[in-house]
Amino acid sequence: MIVTIDGPAGAGKSSAARRLARRLGFRFLDTGAMYRAVALAGKRAGVDWDQPEELAAVAASLTLELSNDAILMNGEDVTAAIRTLEITTLTQHAADNQAVRRLLTDQQRAFAAGQDVVTEGRDQATVVFPGAQCKIFLTAGEEERARRRFLDLQARGEEVDLAEVLRKQRLRDQCDTERAYGGLAKASDSIEVLTDGLNPDQVVDRLAEIVQGVQ
Ligand code: C5P
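Numbering (our numbering), first residue to last: 14 to 228.
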């Protein structure tokens with residue numbers, strides 16, 4: 014069974030999807046982590062961001078291994094390194110790159126082949142797994158999302174300003190929504206869950222209920 018969870022930045026997708034996967038005994042696939050890892054590799058390789066084929070070549074040479082709570086890039090644990098503000102911004106180059114999207118889409122399908130998976134991202138229901146049995150669109154108001162992201166970055170020790178986080182989030186939402194291929198969109202057969210005012214336990218309960226409803 015494939016459960017897709019798509020939605021904008023800061024809706025609480027990652028933690029909810031990870032916990033849902035654990036509860037169901039499914040594998041968890043964090044597709045945002047894959048785009049982030051490609052950006053990190055591009056930065057380390059010193060690619061020219063205006064030459065998409067350079068980043069595509071770097072992406073093609075990477076081995077990404079994902080487990081429920083970590084990502085290894087060529088064997089190195091980059092789980093924390095991909096979450097900085099700088100990498101978050103650079104990730105748009107990976108997300109806008111069609112060759113990278115094709116490559117990661119293939120890897121995501123290979124990861125899920127023959128498995129029970131909860132997968133999380135922007136295009137999981139629309140592009141990568143259009144035939145998924147259970148599709149969820151998880152979202153929250155933009156202020157709430159920015160506040161969560163701010164607290165998360167603060168907890169990681171980054172110097173952040175709430176207004177700046179909100180500004181960057183708006184830009185990211187805009188890029189994610191306007192992307193011609195693989196952009197953020199709610200599939201017509203997705204169930205929308207608004208997480209405003211719900212605590213993490215309540216969100217996971219709601220998601221588990223939805224999955225049980227389609228099983
Ligand atoms: O979910 P997360 O914030 O880690 O994703 C980082 C970025 O990767 C998103 O802003 C989006 O641009 C891109 N992304 C994507 N398609 C996905 C997952 C993430 O384009 N399936």
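Glycine included, each C-beta is placed from N, C-alpha and C at the ideal position. Predicted model only: the values in this text are computed from it and were never measured.
task = Could you spell out where the beta strand (DSSP E) holding I204 opens and where it closes?
result = 204 to 207
query = Excluding the five sequence neighbours on either side, which residues of its own chain have a C-beta within less than 8 angstroms of the C-beta of L75, listed in chain order?
reply = A50, V51, A54, M86, N87
message = Taking contact to mean 3 or more Cβ pairs, one atom from each stretch, closer than 8 angstroms, check whether the region 210 to 217 and the region 134 to 141 are in contact.
response = no
Residue from R169, R185, F163 with nearest C-alpha to A176 = F163
key: Backbone secondary structure at V16 - three-state DSSP   = strand
request  = Determine the direct distance from the alpha carbon of R31 to that of R309, and round the result to whole angstroms.
outcome  = Nothing can be reported for residue 309, as the shown portion of the chain is limited to 14 through 228.
ask   = Is G20 near the ligand C5P, judged by its Cβ being under 6 angstroms from some heavy atom?
value = no
message = Does the distance between the C-beta of R135 and the nearest non-hydrogen atom of the ligand C5P fall short of 6 angstroms?
response = yes
inquiry  = Under DSSP, the alpha helix (DSSP H) around T44 begins and ends at which residues?
reply    = 44 to 58
ask   = Considering T132, what are the terminal residues of the beta strand (DSSP E) in which it resides?
value = 130 to 134
key: R185, buried or exposed, once every other Cβ within 10 Å from all chains shown has been counted against 16   = buried
inquiry  = I need the DSSP call for F142, collapsed to helix, strand or coil.
reply    = coil
ask   = Any heavy atom of the ligand C5P closer than 6 angstroms to the Cβ of R185?
value = yes
ask   = Under 6 angstroms from any heavy atom of the ligand C5P, does the C-beta of G45 make it?
value = yes
request  = Report all residues from its chain with a CB closer than 8 angstroms to the CB of A46; omit the five preceding and five following residues, and keep chain order.
outcome  = L79, I84, T92, I95
task = Give the range of the beta strand (DSSP E) segment to which F39 is assigned.
result = It is not in any beta strand (DSSP E) - F39 carries neither H nor E in the DSSP assignment.
inquiry  = Using only CA atoms, which one of D19, I15, M14 lies nearest to V206?
reply    = D19
request  = Compare the Cα-Cα distances from V140 to each of G196, R180, A168 and report the closest residue.
outcome  = G196
task = For the beta strand (DSSP E) containing L85, list its first residue and its last residue.
result = 84 to 86
task = Use the C-beta contact count for G226: other C-beta atoms within 10 angstroms, 16 or more gives buried, fewer gives exposed.
result = exposed
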